[in-house]
Amino acid sequence: MTATISKRLAAAIPVLFGLSIIVFLMIALIPGDPATAILGSYATPENVAKLNAALGLDKSLPQQYLAWISGVLTGDFGRSYALNRPVIDIVMERFSATLLLAGASLVLATFFGLFAGIVSAVRQFGLADKAITLAVLVGISVPSFWLGLLLILFFAVKIKLFPASGMVAIYGGGGPLDILHHLVLPAITLALVATGVIARLTRTAMLEVLRQDYIRTARAKGLTERRVIYRHAFMAALVSVIPVIGIQAGFVLGGAVYVETVFQWPGIGAMLVNAISQRDILLVQGGVLVVAASYVLFNLLADVCQTLLDPRLK
Numbered sequence: 007m008t009a010t011i012s013k014r015l016a017a018a019i020p021v022l023f024g025l026s027i028i029v030f031l032m033i034a035l036i037p038g039d040p041a042t043a044i045l046g047s048y049a050t051p052e053n054v055a056k057l058n059a060a061l062g063l064d065k066s067l068p069q070q071y072l073a074w075i076s077g078v079l080t081g082d083f084g085r086s087y088a089l090n091r092p093v094i095d096i097v098m099e100r101f102s103a104t105l106l107l108a109g110a111s112l113v114l115a116t117f118f119g120l121f122a123g124i125v126s127a128v129r130q131f132g133l134a135d136k137a138i139t140l141a142v143l144v145g146i147s148v149p150s151f152w153l154g155l156l157l158i159l160f161f162a163v164k165i166k167l168f169p170a171s172g173m174v175a176i177y178g179g180g181g182p183l184d185i186l187h188h189l190v191l192p193a194i195t196l197a198l199v200a201t202g203v204i205a206r207l208t209r210t211a212m213l214e215v216l217r218q219d220y221i222r223t224a225r226a227k228g229l230t231e232r233r234v235i236y237r238h239a240f241m242a243a244l245v246s247v248i249p250v251i252g253i254q255a256g257f258v259l260g261g262a263v264y265v266e267t268v269f270q271w272p273g274i275g276a277m278l279v280n281a282i283s284q285r286d287i288l289l290v291q292g293g294v295l296v297v298a299a300s301y302v303l304f305n306l307l308a309d310v311c312q313t314l315l316d317p318r319l320k
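Each residue of the sequence shown is one higher than the one before, starting from 7 at the first, in my numbering.
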């Protein structure tokens, strides 16, 4: 297992290196001058030139990248132009809120996706299978931001059951129950697409396993149908579904940008939107790099779990 983890980590290094180059170039080549955005009405040519020199933006792109990546390797992501604070501090503060939202969404997607996939496979071509298939197709097709607006309109505006935005109440909030109350709508919105993907692939994996000879043997030995489904078939199908859950974890992190903007959730997605509008290059680069590294970590954990469940992979 140690060797497997070491190989996965070694394979992730060139991926992160290549991603850092892509992120740097995409942000650096966006039209607009950060110095002009920072100075505002004081953006005279002389002031812009001085600020560009102070920030190192007057150097060539290769020189800027080498300076940035050298700092990243030592834990220094630079300072935010707009907020004048270390980038790593801002990113970690916001990333904790994103992890809470993404984690809750992934738990919901995994639970309901696995359950729906099992029911759909066991009741193949039945009413439950058709209803779940239709619900999954609708869920995958609906844009997250549009669903979020619909949930706000119904549950926050019409029946006033859940708050429409924020992570805590403005007055007297901040407790676990208050955070959970604010978490419900954005977590459901973010989990919808991932639930559909997991449900479809769980159904496919379960149908394949249920056709195997050892399932027929288990039934012939007199085992209850519940034990055959959940103890034998589901555990075998789970090996194929775990990598998909790991991939969906990355998509949930990426989708948090839209959902956090709709619900004003104070996470890294909302931070990136504001940083891009302010041309805060270092903050955008640091935030995207942390999200990408988390995506690689989630896939590594999925690979490890798959290896533990399936001894053949060892």
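All C-beta atoms in this analysis are idealised placements derived from N, C-alpha and C, irrespective of residue type, glycine included.
This one's a predicted model, so the numbers in the text were calculated from it and none came from an experiment.
- If you draw a straight line from the Cα of residue 65 to the Cα of residue 73, it is about 10 Å long.
- The way I'd put it, the stretch 262 to 281 does touch the stretch 184 to 197; three or more beta-carbon pairs between them come closer than 8 Å.
- In chain order, 174 and 175 place their CB closer than 8 Å to the CB of residue 184, counting only its own chain and leaving out the 5 sequence neighbours on each side.
- Just so you know, the alpha carbons of residue 88 and residue 204 end up roughly 40 Å apart.
- Residue 138 sits away from residue 147, with the two beta carbons spaced by 8 Å or more.
- Residue 58: member of the alpha helix (DSSP H) spanning 51 to 61, first to last residue.
- Assigned with DSSP and collapsed to three states, residue 233 falls in helix.
- Per the C-alpha coordinates, the member of 187, 58, 36 and 33 positioned closest to residue 45 is 58.
- Cβ-Cβ separation between residue 189 and residue 110: approximately 6 Å, consistent with a contact (criterion under 8 Å).
- The three-state secondary structure of residue 92, taken from DSSP, is strand.
- Per the coordinates, the alpha-carbon of residue 21 lies some 42 Å from the alpha-carbon of residue 134.
- A residue is called buried once 16 or more other Cβ atoms fall within 10 Å of its Cβ, and residue 23, having fewer, is exposed.
- Following the DSSP letters along the chain, one finds residue 252 inside the alpha helix (DSSP H) bounded by residues 240 to 269.
- In the same chain as residue 301, and ignoring 5 residues on each side of it, the C-beta atoms closer than 7 Å to its own belong to 256 and 259, in chain order.
- The beta carbon of residue 145 is closer than 8 Å to those of 198, 199, 201 and 202 in its chain, skipping five residues each way along the sequence.
- Inter-segment contact for the stretch 112 to 130 and the stretch 204 to 215 is present: three or more beta-carbon pairs are separated by less than 8 Å.
- Here the alpha carbon of residue 141 sits roughly 40 Å from the alpha carbon of residue 27.
- Cβ atoms of residue 100 and residue 249 stay farther apart than 8 Å, at about 28 Å.
- Taking C-beta atoms under 8 Å as the contact rule, residue 151 and residue 290 fail to qualify, at a distance of about 20 Å.
- Per the DSSP secondary-structure output, residue 85 pairs in a beta bridge with 92.
- Residue range 150 to 157 is occupied by the alpha helix (DSSP H) that includes residue 155.
- Counting only the Cα atoms, residue 216 lies some 44 Å from residue 170.
- For the pair residue 29 and residue 294, the CB atoms are nearer than the 8 Å cut-off.
- The beta carbon of residue 128 sits closer than 7 Å to those of 235, all from its chain and outside the five residues before and after it, given in chain order.
- Residue 212: member of the alpha helix (DSSP H) spanning 182 to 216, first to last residue.
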